[in-house]
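Asks: Taking this note's numbering as reference, the numbering of the sequence shown is continuous, increasing by one, and the terminal residue is 802.
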Amino acid sequence: MTPKTVDSIQEAVNLLSPECKLLYIAPMYRKNRLGGDYIYLLHKDIIENNNGIRVKGIKDWSQFRYVFAARRDKSVVLHYNWLEVQDRFSLFRVIFSWLCLILYKRFNGKLIWTIHNRTSEVERYQWVNKKIQQWMAINSDLLRVHCRTAYEEMSDELSVPGSRFIILPHPRFPAYLLPRTAAIEALNQRYQTKLQSRHQIFLMFGNIGPHKQILEVIEIFQSLSVNKKLLIVGPVKHGCMNYYRKIKKAAAEDPESFFLYPKTINADIVPEFFNTADYCLFNYKYTLMSGGVELARSYQKPVIAPYMGCLKELRNNPGTHLFHSQSDLKKLLTDI
C-alpha cells in the first residue's frame, strides 16, 4: 500500500485515535520563538483552536507523564520528533527517553514518529542512534515524512510498509521582508560586518556541524571573486566544537570574505540575515528535509543545495540551484 497524504497533524491523530483528547509532543516547542519554531508551527492549529484536543509539550526529564497518561487513557497520542545522542551529556537523557517510550508502548500508547534524517548528524554515536531509529520504525504506529521521496528512501531502508507512512509537508515559516539595503545596514551596525550592496552575499544558516560541509564551502570561496561574501550563522551543534574550531581557523585567514557567528540568532534578527542574502547556500553531506531551505523559500531567496532527499522535488522551482557533487558546487558558485 502507498502512504497516505494528510493536511495536518490533527488528521494524522484522528487516523490513530478518533477519540483522542490529549496529544503529547516531544520535544517541547520554544514559547519564546513561536513564529519560527518548527514544532509549534506544525501543531499550531491544534494548539490555538479549541477543537477538543489538549496539547502538552514534553521536556526532557518529564517524559514519564505520557507513560502515566497512556496507562489511564488508551486514546492518548504521542508525536515524537528528534531522539538522537549528540554527545556524552545527552546519552543519559536519550536513554531515559527511550525507556519511557518502551513503557509507553507496553501500555499500548499510540505513537507518531517524524523522520527528519536518514542517518544521525553525529558520526561518533551512529551505532546507538541507528538502534533507536530501528526501534522507532518497528514500534511507531505512524511514520511521518515530509515528502514522497523521503518515503521511498526510508520505506526500503527501514523495511516498513507504505500503509504505516503518512506524508505531511514541512510547515511554512512566516517571513518579515525588508529592503536589502536596510537589512545590510542593520547587520553592519549590529555586527560591524562591513557589507555593501555591491557585494554578492551568500548565507549558510543553521546549526554548525560536519554534516553541513562548511569547510568545503570555505575552501571554494577562497578561490572566488573578492566581491562574493559568505555569512556562516548559527549555533554549534552538540559534540561538534572541534569542527567549529577548524571553521574558525579557516575563516580567519580571510576575514574580508567570511563572517562567522556561532550563536543562536534571536527571532527578531533573523530577517536581517535573510533579507541581506542574495543566495542561501546548503552543502549537506546527507539530509532528508531541510528547515533552512524552507526558511529561505519563505524569504523568497534563491536556494543552492544538494540534489538529495526532499530537495530533489524542488528541482523545477524557479531560483533553485541543485548540485550533485562538490565540483558541481564550485562551478555553480564561480559562474553565478
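All C-beta atoms in this analysis are idealised placements derived from N, C-alpha and C, irrespective of residue type, glycine included. Just so we're clear, the structure is a prediction, and the values are computed from it rather than from any experiment.
Measure the CB-CB distance between GLY672 and GLY758 and report whether it falls below 7 Å.
Replies: Yes.
Asks: Could you tell me the alpha carbon to alpha carbon distance between ILE513 and LEU482, rounded to whole angstroms?
Replies: So the alpha carbons of these two residues sit roughly 19 Å apart.
Asks: Buried or exposed for PRO645, please, with buried defined as at least 16 other CB atoms from any protein chain shown within 10 angstroms of its CB.
Replies: Answer is exposed; the Cβ neighbour count stays below 16.
Asks: Would the stretch 745-765 and the stretch 709-722 be scored as touching if the rule is three or more Cβ pairs under 8 Å?
Replies: Flag = no, the stretch 745-765 and the stretch 709-722 do not touch.
Asks: Figure out for me which residue from ILE632, ARG614, THR615 and ARG584 has the closest Cα to the Cα of ASP607.
Replies: The option with the nearest alpha carbon to ASP607 is ILE632.
Asks: Quick check: the Cα distance between ARG531 and VAL699, rounded to an integer number of angstroms?
Replies: If you take the alpha carbons of ARG531 and VAL699, they lie about 36 Å apart.
Asks: Assuming LEU788 and LEU777 make a contact with CB atoms under 8 Å, what is their CB distance in whole Å?
Replies: About 7 Å; that satisfies the 8 Å criterion.
Asks: Out of ALA536, SER621, LEU798 and ILE713, point me to the one whose CA is closest to ILE684's CA.
Replies: Ranking ALA536, SER621, LEU798 and ILE713 by Cα distance to ILE684 puts ILE713 first.
Asks: Please work out which residues of its chain come closer than 7 Å, Cβ to Cβ, to SER779, disregarding the five sequence neighbours upstream and downstream, and give them in chain order.
Replies: Just to set this straight, residue 779 is Glu in the shown sequence, not Ser. Closer than 7 Å at the Cβ level, and outside the excluded window around GLU779, lie CYS613 and THR615.
Asks: Where in the stretch 584-644 do unbroken runs of the alpha helix (DSSP H), each at least 4 residues long, occur, reported from the N-terminal end onward?
Replies: DSSP runs (the alpha helix (DSSP H)) wholly in the stretch 584-644: 592-605 and 614-624.
Asks: Which one or two residues does DSSP pair with LYS522 in a beta bridge?
Replies: According to DSSP, LYS522 bridges with TYR490.
Asks: Considering only the alpha carbon of each residue, which of PHE639, LEU643, LYS695 and ILE686 lies closest to GLN662?
Replies: Of the candidates PHE639, LEU643, LYS695 and ILE686, the one whose C-alpha sits nearest the C-alpha of GLN662 is LYS695.
Asks: Among ALA743, LEU798 and MET707, which has the Cα closest to the Cα of ARG664?
Replies: Taking only the C-alpha atoms, the option nearest ARG664 is ALA743.
Asks: Looking at the secondary structure, which residues open and close the alpha helix (DSSP H) in which LYS797 lies?
Replies: LYS797 -> alpha helix (DSSP H) spans 792-801.
Asks: Considering VAL699, what are the terminal residues of the beta strand (DSSP E) in which it resides?
Replies: From DSSP, the beta strand (DSSP E) with VAL699 extends over 694-699.
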